[in-house]
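Asks: Below you'll find the structure I mean.
There are 2 protein chains.
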Amino acid sequence: MKASRFFVSTLKEAPADAEVVSHQLMTRAGMIKKLGAGIYTYMPMGLRVIRKVEAIVREEMNRAGAVECAMPVVQPSELWQETGRFEKMGPELLRIQDRHARDFVIQPTSEEVVTDIARQELRSYKQLPKNLYQIQTKFRDERRPRFGLMRGREFTMKDAYSFDRDQAGAKASYQAMAEAYRRIFDRFGLTYRAVAADSGAIGGDLSEEFQVIAATGEDAIVYCPTSDYAANMEKAESAPPAGPRPAASQPRTLTPTPGKATCADVAGLLGVPLARTVKSLVLATDELNEAGEAVGVRVWLLLLRGDHDMNEIKVSKVPGLDNGFRFATVPEIEEHFGAKPGYLGPLDLKKPVRIVADREVAVMADWICGANQEGHHITGVNWGRDLPEPEAVADLRNVVAGDPSPDGRGELTIERGIEVGHVFYLGTKYSKAMNATFLGEDGKPAHFEMGCYGIGVTRLPAAAIEQNHDERGIIWPDAIAPFTVVLCPIGMDRSQEVKAAAEKLYEELLAAGVDVLLDDRGERPGAMFADWELIGVPHRVVLSDRGLKEGQVEYQHRRDSSATKVGAGDILAYVKERLTA
Amino acid sequence: MKASRFFVSTLKEAPADAEVVSHQLMTRAGMIKKLGAGIYTYMPMGLRVIRKVEAIVREEMNRAGAVECAMPVVQPSELWQETGRFEKMGPELLRIQDRHARDFVIQPTSEEVVTDIARQELRSYKQLPKNLYQIQTKFRDERRPRFGLMRGREFTMKDAYSFDRDQAGAKASYQAMAEAYRRIFDRFGLTYRAVAADSGAIGGDLSEEFQVIAATGEDAIVYCPTSDYAANMEKAESAPPAGPRPAASQPRTLTPTPGKATCADVAGLLGVPLARTVKSLVLATDELNEAGEAVGVRVWLLLLRGDHDMNEIKVSKVPGLDNGFRFATVPEIEEHFGAKPGYLGPLDLKKPVRIVADREVAVMADWICGANQEGHHITGVNWGRDLPEPEAVADLRNVVAGDPSPDGRGELTIERGIEVGHVFYLGTKYSKAMNATFLGEDGKPAHFEMGCYGIGVTRLPAAAIEQNHDERGIIWPDAIAPFTVVLCPIGMDRSQEVKAAAEKLYEELLAAGVDVLLDDRGERPGAMFADWELIGVPHRVVLSDRGLKEGQVEYQHRRDSSATKVGAGDILAYVKERLTA
Numbered sequence: 001m002k003a004s005r006f007f008v009s010t011l012k013e014a015p016a017d018a019e020v021v022s023h024q025l026m027t028r029a030g031m032i033k034k035l036g037a038g039i040y041t042y043m044p045m046g047l048r049v050i051r052k053v054e055a056i057v058r059e060e061m062n063r064a065g066a067v068e069c070a071m072p073v074v075q076p077s078e079l080w081q082e083t084g085r086f087e088k089m090g091p092e093l094l095r096i097q098d099r100h101a102r103d104f105v106i107q108p109t110s111e112e113v114v115t116d117i118a119r120q121e122l123r124s125y126k127q128l129p130k131n132l133y134q135i136q137t138k139f140r141d142e143r144r145p146r147f148g149l150m151r152g153r154e155f156t157m158k159d160a161y162s163f164d165r166d167q168a169g170a171k172a173s174y175q176a177m178a179e180a181y182r183r184i185f186d187r188f189g190l191t192y193r194a195v196a197a198d199s200g201a202i203g204g205d206l207s208e209e210f211q212v213i214a215a216t217g218e219d220a221i222v223y224c225p226t227s228d229y230a231a232n233m234e235k236a237e238s239a240p241p242a243g244p245r246p247a248a249s250q251p252r253t254l255t256p257t258p259g260k261a262t263c264a265d266v267a268g269l270l271g272v273p274l275a276r277t278v279k280s281l282v283l284a285t286d287e288l289n290e291a292g293e294a295v296g297v298r299v300w301l302l303l304l305r306g307d308h309d310m311n312e313i314k315v316s317k318v319p320g321l322d323n324g325f326r327f328a329t330v331p332e333i334e335e336h337f338g339a340k341p342g343y344l345g346p347l348d349l350k351k352p353v354r355i356v357a358d359r360e361v362a363v364m365a366d367w368i369c370g371a372n373q374e375g376h377h378i379t380g381v382n383w384g385r386d387l388p389e390p391e392a393v394a395d396l397r398n399v400v401a402g403d404p405s406p407d408g409r410g411e412l413t414i415e416r417g418i419e420v421g422h423v424f425y426l427g428t429k430y431s432k433a434m435n436a437t438f439l440g441e442d443g444k445p446a447h448f449e450m451g452c453y454g455i456g457v458t459r460l461p462a463a464a465i466e467q468n469h470d471e472r473g474i475i476w477p478d479a480i481a482p483f484t485v486v487l488c489p490i491g492m493d494r495s496q497e498v499k500a501a502a503e504k505l506y507e508e509l510l511a512a513g514v515d516v517l518l519d520d521r522g523e524r525p526g527a528m529f530a531d532w533e534l535i536g537v538p539h540r541v542v543l544s545d546r547g548l549k550e551g552q553v554e555y556q557h558r559r560d561s562s563a564t565k566v567g568a569g570d571i572l573a574y575v576k577e578r579l580t581a
Numbered sequence: 001m002k003a004s005r006f007f008v009s010t011l012k013e014a015p016a017d018a019e020v021v022s023h024q025l026m027t028r029a030g031m032i033k034k035l036g037a038g039i040y041t042y043m044p045m046g047l048r049v050i051r052k053v054e055a056i057v058r059e060e061m062n063r064a065g066a067v068e069c070a071m072p073v074v075q076p077s078e079l080w081q082e083t084g085r086f087e088k089m090g091p092e093l094l095r096i097q098d099r100h101a102r103d104f105v106i107q108p109t110s111e112e113v114v115t116d117i118a119r120q121e122l123r124s125y126k127q128l129p130k131n132l133y134q135i136q137t138k139f140r141d142e143r144r145p146r147f148g149l150m151r152g153r154e155f156t157m158k159d160a161y162s163f164d165r166d167q168a169g170a171k172a173s174y175q176a177m178a179e180a181y182r183r184i185f186d187r188f189g190l191t192y193r194a195v196a197a198d199s200g201a202i203g204g205d206l207s208e209e210f211q212v213i214a215a216t217g218e219d220a221i222v223y224c225p226t227s228d229y230a231a232n233m234e235k236a237e238s239a240p241p242a243g244p245r246p247a248a249s250q251p252r253t254l255t256p257t258p259g260k261a262t263c264a265d266v267a268g269l270l271g272v273p274l275a276r277t278v279k280s281l282v283l284a285t286d287e288l289n290e291a292g293e294a295v296g297v298r299v300w301l302l303l304l305r306g307d308h309d310m311n312e313i314k315v316s317k318v319p320g321l322d323n324g325f326r327f328a329t330v331p332e333i334e335e336h337f338g339a340k341p342g343y344l345g346p347l348d349l350k351k352p353v354r355i356v357a358d359r360e361v362a363v364m365a366d367w368i369c370g371a372n373q374e375g376h377h378i379t380g381v382n383w384g385r386d387l388p389e390p391e392a393v394a395d396l397r398n399v400v401a402g403d404p405s406p407d408g409r410g411e412l413t414i415e416r417g418i419e420v421g422h423v424f425y426l427g428t429k430y431s432k433a434m435n436a437t438f439l440g441e442d443g444k445p446a447h448f449e450m451g452c453y454g455i456g457v458t459r460l461p462a463a464a465i466e467q468n469h470d471e472r473g474i475i476w477p478d479a480i481a482p483f484t485v486v487l488c489p490i491g492m493d494r495s496q497e498v499k500a501a502a503e504k505l506y507e508e509l510l511a512a513g514v515d516v517l518l519d520d521r522g523e524r525p526g527a528m529f530a531d532w533e534l535i536g537v538p539h540r541v542v543l544s545d546r547g548l549k550e551g552q553v554e555y556q557h558r559r560d561s562s563a564t565k566v567g568a569g570d571i572l573a574y575v576k577e578r579l580t581a
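Sequence lines, in order, name chains W and S. Heads up: the first sequence runs through residues 1 to 581, numbered per the working numbering. Heads up: the second sequence runs through residues 1 to 581, numbered per the working numbering.
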């Protein structure tokens, strides 16, 4: 490609609403252009990246035996009503009425449509397994779209859906997809981790997220550097406590802590480690009658160590809390504890509550908690002596760095990641809701065992940038760079020699199958270099009159701090050697 | 590709709502699957065709210097309000409100968005010309979607938009696109015509449709077999009448024609050629005051030869009718003619009307028209004698087969076509509406001269089928076939020799870059052949035990009536020789 025929458009300043670096750089590099909140035009420079992402995804999906189709963007509501998602999904689901006032949605995903295809087309176990995928426009009407392509409303997703005759088959399909995803992310040239994720109501271990590692990532991911263990924060199990509970050694003491309503404040005041304090979290569950009306409230007290954070997913698996819970209201708290939030604890309750202790709290002795009395805590609290042994003990907390790995093979480390892929075993959730069956080998109808597998195609470039940039701009991996090599001739309009050498090298690189751009715009060297450093083309060759007189050109990788002089006759081989994709 | 890994799904019967052969065959061949009225999933077999169409379009657009981008499917209404199209477009424009009750549309085309990009990005004449294109999902909420992909609601269109500094530049951009379209349609391997089309209010000749010739086409297209002349019916000019008006030879005679209200009936009753009769069409224009309120009605009488049909586009260019017209109401007709429709004519009017005669009518003598009296016509009518010479004479009619070509180089022929492409000079319509300017060489802002260029990517396969099918199914041109070659091994599960030969040929064809499918499903030969004839793969090779024992396989092109025996060692070369793309 020659720059004069292409669409190069760079900006010195990022727009005011661009909060993250990928949004700033993609806008400044002319890759995306905002049309509305969370809605972007993919400009030529950005679309080249997206097309390369798509091509890698498509190749590996095909290699893994998945078959491409394209489901409609605008989908009639009927199928969405079959699964209940038309009602259940919130305003994120963009609903439309057509000219005949019929309801439609813009697809955020396509489980309903693909399950409908399966129940019509896949009639026999002999046709299984099948995996259908699409690379298609999606829409989610985010309440607060932001961060450019990272959390847009309109986006492109690759979504694949597998159909199997039984769980063993589904597991094999899942594993094949997980392997394909590893190949895909390897080929992108990004640092990533595949981490175990929560699989929700379905249970089992068949849910993994593919996280691109970046300091700016929204997600905390947990891994063990000395073993294979990796999970997202929601999923990461904490290892059981190391030892048994020590014996009580302190008396129970009511201690004034005026104005100290947090564990950290109390620990500071008393001069004890935060890990000696226990925090009280008060939840509530509504008791419903058969008609679904609230007929009563049950209040729960969760006890966690002061230095630990609650993990909502883990809490949602505690028996009794697994049908939904909420934080208790202040009146509910006052009714049961006789105190306002800030000084709550499990002793001297006004009305009974259900107590669930985190596993670490259950093995603590001589701990500190709120006294259910404004401005007071109790120190020296001990299970069995000051209050009964906990009714329920569970893993309720987020892991922290330094926790032992659940596989016992090291300590956990935490880093930030951006989720760009997810593989998920669905079981029969959708096939049962839509009564999607096939005839089994035994002649009886059976529900499909399904899996779903997504990659955020337009999110991926943003994640790549969060991971790979410097103060001058983007640094693309070769595989998804808009152009792999840029040729920057200096004074091409003045020097016939520079022009001829640039055109020759351009043709040679093209002939070698290299995605090369020749910058023939006639920009000054400084502006030209700044443009391509901002855009992030990984390999640059500069041709100048002076250099060519000495038989030399300059090569510089985007990560190099300075240029390397290379013989003009050797540059083709030199560049080709440096390409990684 | 091996069939067992792919998604082959054929039907014996077409769905009841499939009225046209392409809809029937695409459904039966498992290429599309209806999700709702005018909304289809592109199934794997159909998507392969669409992807090949896209690839050819993309290659040629790039070659012509256009640059690919992707504009959003969901577009905020603001830009659409700038051009007035948000209000002006009827219910075909699908309107949406998001969660904040802001208005959006789903793009039917993207003139507004691309013009907005241009006015922000293209600041100087130095950046021109530019041509941006996208291959993207579109939606038009057709009142009566039908004919499968031929007139769907959701579809894929390639739309390109050129920006130039002046009309000469715009004309050059237009011509480059028209040439690119010829290359594209040549490569598709379809019989097509590029025909002149009406360019609406803009005028000039810069509008051409690309019509795939098919007996079932919706459009009538006109061409001269002995010259280059080709136009659609709307546009095709009729040549001026051959000679001067003959002298009057008959007396004006009131003739009873009871119950004969059409020209054909009258000609039949009187035993004269239909071309001797004149039909009366009564139009009306509303006179508006400055506030746009109707303050009066003007009634028009159009006179056409009884064997000619009115051409609305031509009528809409008659001075006085060029701001819109409608058919007159019965009360308006009675008020001016004193008679009901069926016996109307230009003589003995109750109130004056504006008369416009088609050029052919203006040179008629002794003609027959309605008498403005129930059950009566007048014969022997003559201009200048029975009524004044016509106030206005114009080309008002559709051409008919046998008319002289307007270029004077032969006679016109009419055939049917399906419009799949359109190149159009837009002028400054959108750039003025949106005040999209660039700085000209003279330092002054100027409006972009624009063109737009569309190809119906998902309509093209349907048009290809309308042109290329037989009673057994589809016959794809090589370039856009879902697979170019299908290998049909007979008894592959029983015969090791057949299996080995089929696998070997499959690998050889793949290595030669041929898009080959090996049917390893184990179907019986009859069912297998029927499937691939329905699907329309152009080249078929059958491998059987018996044939291989004689060292032979069978080759058959989809258009061949029987198979040809080819030596097993020669088949690779034989097939490659027969490929056209």
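Ideal Cβ positions, reconstructed from N, Cα and C, are used throughout, including at glycine.
#1: Bridge partners for F327 of chain W per DSSP, in chain order?
#2: Determine the closest residue to E293 of chain S out of S:V299, S:W300 and S:T285, with distance taken between C-alpha atoms.
#3: Should T262 of chain W go down as buried or exposed, given a rule of 16 or more other Cβ atoms within 10 Å for buried?
#4: Could you give the distance in angstroms between the alpha-carbon of E360 of chain W and the alpha-carbon of H336 of chain W?
#5: Out of S:V516, S:L132, S:L303 and S:P341, point me to the one whose CA is closest to A479 of chain S's CA.
#6: Can you find the residues in the same chain that come closer than 7 Å, C-beta to C-beta, to K52 of chain S, ignoring five residues on each side of it along the sequence?
#7: When burial is assigned at 16 or more other CB atoms within 10 Å of the CB, is T458 of chain S buried or exposed?
#8: What I want to know is whether the C-beta of D265 of chain W ends up closer than 6 Å to one or more non-hydrogen atoms of the ligand MN.
#9: Please report the Cβ distance between A267 of chain W and R305 of chain W, rounded to the nearest whole angstrom; I am assuming they are in contact, meaning their Cβ atoms lie under 8 Å.
#10: Thinking just about the alpha-carbon of each residue, which of S:Y506, S:G200, S:L548 and S:P258 is nearest to the one in E234 of chain S?
#11: From which residue to which residue does the beta strand (DSSP E) around Q75 of chain W run?
#12: Roughly how many angstroms lie between the CA atoms of D403 of chain W and Q107 of chain S, to the nearest whole one?
#13: Name the chain W residues whose beta carbon is nearer than 8 Å to that of Q75 of chain S?
#14: Going by beta-carbon coordinates alone, are E208 of chain W and A194 of chain W separated by less than 7 Å?
#15: Cβ of P72 of chain S less than 7 Å from any chain W Cβ?
#16: The alpha helix (DSSP H) that contains F529 of chain W, what's its start and end?
#17: Applying a beta-carbon distance threshold of less than 7 Å, which residues of chain A neighbour T137 of chain W?
#18: CA-CA distance, L93 of chain S and F139 of chain S?
#19: Closer than 7 Å by C-beta to V21 of chain W: which residues in its own chain qualify, once you throw out the five before and the five after it? Chain order, please.
#20: I need the boundaries of the beta strand (DSSP E) containing E419 of chain W, first residue and last residue.
#21: Between the beta-carbon of V73 of chain W and the beta-carbon of T115 of chain W, is there less than 7 Å?
#22: Could you check if P258 of chain W is buried or exposed, using at least 16 other CB atoms within 10 Å of its CB as the buried criterion?
#23: Determine the chain W residues that contact E121 of chain S at a beta-carbon separation under 7 Å, and present them in chain order.
#24: From N382 of chain W to G243 of chain W, what does the alpha carbon distance come to, in whole angstroms?
#25: Count the other CB atoms within 10 Å of the CB of T41 of chain S; is the residue buried (16 or more) or exposed (fewer)?
#26: Given that R276 of chain S touches chain W, what residues does it touch there, using C-beta distances under 9 Å?
#27: Does DSSP put D159 of chain S in a helix, in a strand, or in coil?
Replies: From the atom records:
#1: Here residue 327 of chain W corresponds to residue number 327 of the first sequence, with the count starting at 1. Per DSSP, W:L283.
#2: For the purposes of this step, residue 293 of chain S is taken as residue 293 along the second sequence, with counting starting at 1. When only C-alpha atoms are compared, the closest one is S:T285.
#3: In the first sequence, residue 262 of chain W corresponds to position 262, counting from 1. So T262 of chain W ends up on the exposed side.
#4: Within the first sequence, the letter at position 360 stands for residue 360 of chain W. Within the first sequence, the letter at position 336 stands for residue 336 of chain W. E360 of chain W and H336 of chain W: Cα-Cα distance of roughly 25 Å.
#5: Counted from its first residue, the second sequence places residue 479 of chain S at position 479. Checked all of S:V516, S:L132, S:L303 and S:P341; the closest Cα to A479 of chain S is S:V516.
#6: Taking the first residue of the second sequence as 1, we reach residue 52 of chain S at position 52. If we look at K52 of chain S and ignore the five residues flanking it on each side, its Cβ neighbours are A479 and I480.
#7: Looking up residue 458 of chain S in the second sequence gives position 458. By the 10 Å Cβ count, T458 of chain S comes out buried.
#8: For the structure depicted, the ligand MN is absent and the ligand set is empty, with no information on it obtainable.
#9: Taking the first residue of the first sequence as 1, we reach residue 267 of chain W at position 267. Taking the first residue of the first sequence as 1, we reach residue 305 of chain W at position 305. That pair is no contact at about 11 Å.
#10: For the purposes of this step, residue 234 of chain S is identified with residue 234 of the second sequence, where counting begins at 1. Here the closest residue by C-alpha is S:G200.
#11: Start at 1 with the first residue of the first sequence, and residue 75 of chain W comes out as number 75. Taken as a continuous stretch (DSSP letters only), the beta strand (DSSP E) holding Q75 of chain W covers V74 to P76.
#12: As a first step, residue 403 of chain W is located in the first sequence; it is residue number 403 there, counting from the start. As a first step, residue 107 of chain S is located in the second sequence; it is residue number 107 there, counting from the start. Those two C-alpha atoms are separated by around 52 Å.
#13: As a first step, residue 75 of chain S must be located in the second sequence, where it is residue number 75. Residues of chain W passing the Cβ test: L35, G36 and I39.
#14: Translated into positions along the first sequence, residue 208 of chain W becomes position 208. Translated into positions along the first sequence, residue 194 of chain W becomes position 194. Yes, the pair counts as a contact, with Cβ atoms nearer than the cut-off.
#15: As a working mapping, residue 72 of chain S is identified with position 72 in the second sequence. Chain W, which has a Cβ nearer than 7 Å to the Cβ of P72 of chain S, makes this yes.
#16: Taking the first sequence and counting its residues from 1, the one referred to as residue 529 of chain W is at position 529. Counting along the chain, the alpha helix (DSSP H) containing F529 of chain W begins and ends at P525 to I535.
#17: Chain labels in this structure do not include chain A; the protein chains are W and S.
#18: As a position in the second sequence, residue 93 of chain S is number 93, starting the count at 1. As a position in the second sequence, residue 139 of chain S is number 139, starting the count at 1. Those two C-alpha atoms are separated by around 8 Å.
#19: Residue numbering aside, residue 21 of chain W sits at position 21 when the first sequence is read from its first letter. For V21 of chain W, where only same-chain residues beyond five positions count, the Cβ hits under 7 Å are T216, I465, E466 and H469.
#20: For the purposes of this step, residue 419 of chain W is identified with residue 419 of the first sequence, where counting begins at 1. That run of the beta strand (DSSP E) goes T413 to G427.
#21: Position 73 of the first sequence, counting from 1, holds the residue named residue 73 of chain W. Position 115 of the first sequence, counting from 1, holds the residue named residue 115 of chain W. No, Cβ-Cβ distance for V73 of chain W and T115 of chain W is not below 7 Å.
#22: Along the first sequence, read from residue 1 onward, the residue named residue 258 of chain W stands at position 258. Exposed: under 16 other Cβ atoms inside 10 Å.
#23: Working through the second sequence from its first residue, we reach residue 121 of chain S at position 121. Correct list: S9.
#24: Position 382 of the first sequence, counted from the start, is the residue given in the question as residue 382 of chain W. Position 243 of the first sequence, counted from the start, is the residue given in the question as residue 243 of chain W. Near 16 Å, if we compare the C-alpha coordinates of G243 of chain W and N382 of chain W.
#25: Taking the first residue of the second sequence as 1, we reach residue 41 of chain S at position 41. When all chains shown are included, T41 of chain S counts as buried.
#26: In the second sequence, counting from the first residue as 1, residue 276 of chain S sits at position 276. Within 9 Å Cβ-Cβ: nothing; R276 of chain S doesn't reach chain W, min ~47 Å.
#27: As a first step, residue 159 of chain S is located in the second sequence; it is residue number 159 there, counting from the start. Three-state DSSP puts D159 of chain S in a strand.
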